[in-house]
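Residues 153 to 574 (this note's numbering) are what the sequence shown spells out, left to right.
Each remark here refers to the structure printed beneath this line.
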Amino acid sequence: MTSPVTAPFRVDRRRVATLAGTQLVAGVGVSGGIGVGALLAEEISSERWSGLPQTMIVLGSAIAAVPLARFAGTHGRRASLTLGYGIAALGALVAFTGGALRSLPVLLAGAALTGGGMAAGLQARFAATDGVPDSRRGRVLSLVVWASAAGAVLGPNLIGPGTRLGAALGVTSLAGPWLFAVTTLTIGAASIALLLRDGRPASAPPRRHIRTTLTAMLHHADGRLGLIAMATGHAVMVGIMAMSSVHLHGHGSTLRFVGIVVSAHVAGMYALAPVFGWLADRLGARAVVGLGGALLLAGTACTWSSGRADTGSGSHAAAEAWATVGLVLIGLGWSAATIAAATLVAVLSHHGGATPTDVQGVADLTMGLAGATAGALSGVAMAAWGYQGLSIAGAVLLAPLLVALMGHIRTGALPRDGSATA
């Protein structure tokens, strides 16, 4: 069925503002931890394991996705998001302890718990679409994603002050930024608990097995395209981004420059989110998924050029320029692909036999597992093939998305307004 807009609709601005504001604050903590995690792991252990902190953050997000979604179905969005941000704050404290003790296992455990904040942030974008007509879901969803930009861009730029804080406390300097994460994630949890208007569901929905929900989504053209776009886009972004700071810093870039590049990448991920959400509603999510795939492919070509400049006859300045452009393009591609895919999932989740939060949780689980796998292999891939080989691997990961898009074009399953059929 389709769900056209038949009457004027007003967005619950207070609800969206609360979700967006929390994302802004919490984004500082999550992105700051991601920005310093690889360097801290490399200092404690070696380059081979430097991708593990981000991997554990993404894996923690994947593990928390379904439980938090089910908790939202039984206790409401407010309780679920508060719990997610609270677990993340605890995780950031554990990660700081791991850095202070120079213990990689403790650092990784903290990073995994911090992933709860990422899971809560992903759930917040779906929470904004509750009660919204299908033809508006992309725009409303993208507003919450967009709000993450300010916090996520600010986070990596706190690496410098954070390292000075760590040194002042007499611990490993790279552990310091995790204390900022503890503060911002705690503020995020309190903001949701106190400000989000969200009633508890009248009755608990029936629990549906993850495999059943996943199978139903894969048998639906929109669900299949949404899952593949979320998984491949996230895998490419996480896999290359996890090793970019190590690549740049290892060839002479300063920590300040690394922070700027990470901020530029994160800005690409979020700054144009409302544009992609509007395009998904106006032109159809399929077209925006295709745009995202093209941007991701262009980004991997640029990061390949960065690796080639450092290993060939090029200068490191050229490598820095190529890496910056490539990471911005990858950020834009991730934004377009995941926002359009999340729009497909948000629409589909309200037109099937499953509880919406179950469908949304399975989608985030798939996205998180794909990112975690890519992050886990990124350090090994870079050690074996270098930044060039890692970039080629990222381009190859886009093949399933191309196949899904071609199949979707043949079936013509997605109307221009972005609504799903069920």
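For every residue, glycine included, the Cβ atom is placed at its ideal position computed from N, Cα and C.
Note that the structure is predicted; figures quoted are calculated from it, not measured.
Which residue marks the beginning of the alpha helix (DSSP H) containing residue i, and which one marks its end?
i: HIS399; result: 373-402
i: HIS227; result: 204-227
i: LEU346; result: 329-347
i: HIS502; result: Segment: none, HIS502 is in no alpha helix (DSSP H) and carries neither H nor E.
i: THR367; result: 362-370
i: VAL258; result: 256-279
i: THR463; result: 437-463
i: THR315; result: 311-320
i: GLY411; result: 407-422
Could you give the C-beta distance for residue i and residue j, rounded to a whole number, given that I count them as a contact under 8 Å?
i: ALA381; j: LEU553; result: 6 Å
i: LEU256; j: ALA333; result: Not a contact, Cβ separation roughly 18 Å.
i: PHE106; j: ALA492; result: For residue 106 there is no data in the structure shown, the boundaries of the chain being 153 and 574.
i: LEU347; j: LEU260; result: With a Cβ gap of about 33 Å, LEU347 and LEU260 do not count as contacting.
i: ALA267; j: MET208; result: Sequence inspection shows Gly at residue 267; the Ala mentioned does not correspond to that position. That belief holds up - the Cβ atoms of GLY267 and MET208 are roughly 7 Å apart, short of 8 Å.
i: VAL248; j: LEU235; result: A small correction: the amino acid at residue 248 is Phe; Val does not occupy that position in the sequence shown. Actually they are not in contact, since the Cβ atoms of PHE248 and LEU235 sit about 21 Å apart, beyond 8 Å.
i: GLY483; j: GLY420; result: 3 Å
i: LEU337; j: HIS417; result: That pair is no contact at about 21 Å.
i: GLY290; j: ASP433; result: 4 Å
i: TRP201; j: GLY531; result: 6 Å
i: THR495; j: ALA437; result: 5 Å
i: GLY411; j: GLY444; result: Their Cβ separation, rounded to whole angstroms, is 26 Å, which puts GLY411 and GLY444 out of contact at 8 Å.
i: LEU431; j: VAL440; result: 5 Å
i: GLY378; j: ALA515; result: 7 Å
i: LEU407; j: GLY312; result: 7 Å
i: LEU481; j: LEU550; result: Not really, about 13 Å apart at Cβ, beyond 8 Å.
i: VAL218; j: LEU517; result: 5 Å
i: ASP510; j: ARG360; result: 5 Å
I'd like the list of long-range same chain contacts for residue i, defined as Cβ closer than 7 Å, with 5 residues on each side in sequence excluded.
i: GLY559; result: none
i: LEU326; result: VAL188, LEU191, LEU192, GLU195, GLY251, THR315 and GLY318
i: VAL477; result: CYS454
i: TYR237; result: ALA178, GLY269, ALA272, LEU337, GLY340, ALA341 and ILE344
i: GLY546; result: VAL388, GLY391, ILE392 and THR452
i: TRP456; result: GLN540, SER543 and ILE544
i: VAL292; result: VAL163, VAL168, ALA280, THR281 and VAL284
i: SER405; result: GLU472
i: ARG166; result: ARG349
i: ALA383; result: THR518, MET519 and ALA522
i: ALA533; result: GLY541, LEU542 and ALA545
Go through its chain and collect everything with a Cβ distance to residue i's Cβ below 6 Å, but skip five positions before and after it.
i: ARG376; result: LEU370
i: THR170; result: LEU347 and LEU348
i: ALA342; result: none
i: ASP569; result: Low per-residue confidence applies at ASP569: pLDDT is 41, beneath 50, and the placement is therefore not dependable, though the value from the model is reported in the following sentence. Answer for ASP569: SER287, listed in chain order.
i: GLY328; result: GLY314, THR315, LEU317 and GLY318
i: ALA240; result: THR266, GLY268, GLY269 and LEU337
i: HIS386; result: MET519, ALA522 and GLY523
i: GLN206; result: ILE186, GLY189, ALA394 and GLY527
i: GLY184; result: GLY307, LEU310, PRO329, PHE332 and ALA333
Between residue i and the ligand ZN, is the CB less than 8 Å from at least one heavy atom?
i: LEU211; result: Among the components modelled here there is no ligand, and therefore nothing to report on the ligand ZN.
Among the residues of its own chain, which have a CB less than 8 Å from the CB of residue i, if the five just before and after it don't count?
i: THR324; result: LEU192, GLU195, ILE196, GLY251, ALA252, ARG254 and GLY318
i: ALA354; result: For ALA354, the pLDDT reaches just 49, beneath the cut-off of 50, and the residue's location in the model is therefore unreliable, although a value from the coordinates is still provided. Nothing meets the Cβ criterion.
i: GLN512; result: ALA221, GLN275, PHE278, VAL497, ALA498 and SER501
i: SER232; result: LEU220, ALA221, PHE223, ALA224, ALA272 and GLN275
i: ALA461; result: SER467, HIS468, ALA470, ALA471 and TRP474
i: ALA556; result: ARG376, LEU377, ILE380 and ALA381
Item to check | Given 8 Å, three or more beta-carbon pairs between the region 539-547 and the region 390-399 | outcome: The answer is yes - the region 390-399 touches the region 539-547, with three or more Cβ pairs under 8 Å.
Next on the checklist: Whether or not the region 288-301 and the region 174-192 are in contact is what I'm after, with contact meaning three or more pairs of Cβ atoms, one per stretch, closer than 8 Å; do they touch?
Outcome noted: The region 174-192 makes contact with the region 288-301: 3 or more CB pairs, one atom from each, lie closer than 8 Å.
Checklist entry - Which ranges does the alpha helix (DSSP H) cover as unbroken runs of at least 4 residues, wholly within the region 518-563, from first to last along the chain? => result Whole alpha helix (DSSP H) segments, 4+ residues: 551-563.
Next on the checklist: For the region 203-218 against the region 505-525, do three or more pairs of beta-carbon atoms, one drawn from each stretch, fall closer than 8 Å, so that the two count as touching?
Outcome noted: Flag = yes, the region 203-218 and the region 505-525 touch.
Checklist entry - Three or more C-beta pairs closer than 8 Å, one from the region 366-376 and one from the region 271-287: is that the case here? => result Taking 8 Å as the limit for Cβ pairs, the verdict is that the region 271-287 does not touch the region 366-376.
Item to check | Segment contact, 8 Å Cβ cut-off, at least three pairs: the region 236-245 with the region 459-471 | outcome: With the rule of 3 Cβ pairs closer than 8 Å, the region 236-245 does not count as touching the region 459-471.
Checklist entry - Below 8 Å, can you find three or more Cβ-Cβ pairs linking the region 408-424 to the region 498-513? => result Three or more beta-carbon pairs separated by less than 8 Å are not found between the region 408-424 and the region 498-513, which leaves the two stretches without contact.
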